[in-house]
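Under this note's numbering, the first residue of the sequence shown carries the number 760, and numbering increases by one thereafter. Take a look at the structure set out below.
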Amino acid sequence: MDYETQRERGEALRALHHADDGPLVLPNAWDAASAIVFADAGFDAIGTTSAGIAVSRGVPDGEVLSRAEMLAVVERIADAVAHPVSADIEAGYGDTPDAVYDTVSAAIDAGAVGVNLEDGTGDPDDPLVPVDDHVAAIRAARDAAEDAGVPVVVNGRTDVFWLGVGEEGDRLDRAVDRANAYVDAGSDCLFVPGVSDIETIRALVDRLDAPLNVLGGPGAPSVDALAEAGVARVSVGSGPMRATLGLLGEVAAELREEGTYESMAGGIPYDDLKELLEVAAQQRS
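Listed below in structure tokens is the structure:
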């Protein structure tokens, strides 16, 4: 991807966080084909899902897949669609700001114009990195973007609600304090997954110093309800990938147990899929 195209996509992604017609709905792809299907459905930008990418390669989420392997898929996704792509880079693939800088630089080289950077540790006994450490990681991400000359959207994620950290009554204040520190460090958007109560979401919108990203999925408010609450971005994480694997499980069970094929009936016809891929290739050329 040439520099000017990447810069334009970065500016477009940033603008989508401030649109007047509702939140940016960002579906999360795990390979080129899923990204092309989302793009064909009319979405304006594509996110990646670290869990989806890892699982598709037979390993669990949590930086088990190497940075190089993860970003190779990000590059294939960014090459597959003529859309801005935001990369889920987990916790940055490293314990130091320099490592995060290198990861974000590599993500930009792969074609990403957004990065999602989380503050979870994966350690149930110590679930969140110290605020100052994640602030340093966010600053490193911002520095990498500025040095590359690409207006990368840095999405600072706090897992206070996702991991159920601390007393329930204290989580809102804890999440707000952490997230606003990430804004000061250079985050353009703030991701607070694990929140589905609309009043808590409204409180986050009111108290955060940057646009709010929430995680959509079963049990979460609709996009329209989130728009009314002031949410700027709705992503869906690994949900579509897991739903796809759920359908595959149904296909497998029917094939193994019944010897029939009806659960495959809703798939994209072969010729339609071929045409979809050919059109996608034309659009990005």
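Cβ coordinates follow ideal geometry from the N, Cα and C atoms, glycine included.
Taking the beta carbon of residue i as the centre, do at least 16 other beta carbons fall within 10 Å, making it buried, or is it exposed?
i            : result
residue 1041 : exposed
residue 1015 : exposed
residue 804  : buried
residue 887  : buried
residue 1027 : exposed
residue 915  : buried
residue 866  : buried
residue 856  : buried
residue 1012 : exposed
residue 775  : buried
residue 762  : exposed
residue 1023 : exposed
residue 980  : buried
residue 918  : buried
residue 777  : exposed
residue 934  : buried
residue 977  : exposed
residue 870  : buried
residue 851  : buried
residue 843  : buried
residue 926  : exposed
Our contact map puts residue i next to residue j with C-beta atoms below 8 angstroms; I'd like the distance itself, whole angstroms only.
i            : j            : result
residue 899  : residue 859  : 4 angstroms
residue 878  : residue 937  : 7 angstroms
residue 1007 : residue 795  : Rounded, the Cβ-Cβ distance is 19 angstroms, inconsistent with contact.
residue 1049 : residue 806  : Outside the shown range of the chain (760 to 1044) lies residue 1049, about which nothing can therefore be said.
residue 808  : residue 997  : 5 angstroms
residue 994  : residue 974  : 6 angstroms
residue 991  : residue 948  : 7 angstroms
residue 951  : residue 920  : 6 angstroms
residue 913  : residue 901  : 6 angstroms
residue 1004 : residue 872  : Wrong, their Cβ atoms sit about 28 angstroms apart, outside the cutoff.
residue 798  : residue 1002 : With a Cβ gap of about 18 angstroms, residue 798 and residue 1002 do not count as contacting.
residue 811  : residue 1000 : 4 angstroms
residue 874  : residue 846  : 5 angstroms
Using the three-state DSSP reduction, which class does residue i fall into: helix, strand or coil?
i            : result
residue 967  : coil
residue 915  : strand
residue 951  : coil
residue 979  : coil
residue 922  : coil
residue 995  : coil
residue 973  : strand
residue 942  : helix
residue 796  : helix
residue 894  : helix
residue 1024 : coil
residue 774  : helix
residue 909  : coil
residue 784  : strand
residue 1018 : coil
residue 956  : coil
residue 1000 : helix
residue 1048 : No statement about residue 1048 is possible, as the shown extent of the chain runs from 760 to 1044 and does not include it.
residue 928  : helix
residue 989  : coil
residue 779  : coil
residue 1005 : helix
residue 1030 : helix
residue 936  : helix
residue 902  : helix
Less than 7 angstroms separating the Cβ of residue i from some heavy atom of the ligand FMN?
i            : result
residue 1032 : The ligand FMN is absent from the structure shown, which contains no ligands of any kind.
In the stretch 804-890, which residue ranges form an unbroken beta strand (DSSP E) of at least 3 residues, counting only runs that do not cross its ends? Counting whole runs of 3 or more residues, the stretch 804-890 contains the beta strand (DSSP E) stretches 805-807, 844-847, 873-877.
Count the C-beta pairs between the stretch 831-844 and the stretch 773-790 that are closer than 8 angstroms, then say yes if the count reaches three, no if not. Yes: at least three Cβ pairs fall under 8 angstroms.
Quick one: any contact between the stretch 814-823 and the stretch 858-875, if contact means 3 or more CB pairs under 8 angstroms? Verdict: no, contact absent.
Touching by the beta-carbon criterion (3+ pairs, under 8 angstroms), the stretch 921-940 and the stretch 899-912: Contact fails between the stretch 921-940 and the stretch 899-912, because fewer than three Cβ pairs, one in each stretch, are under 8 angstroms apart.
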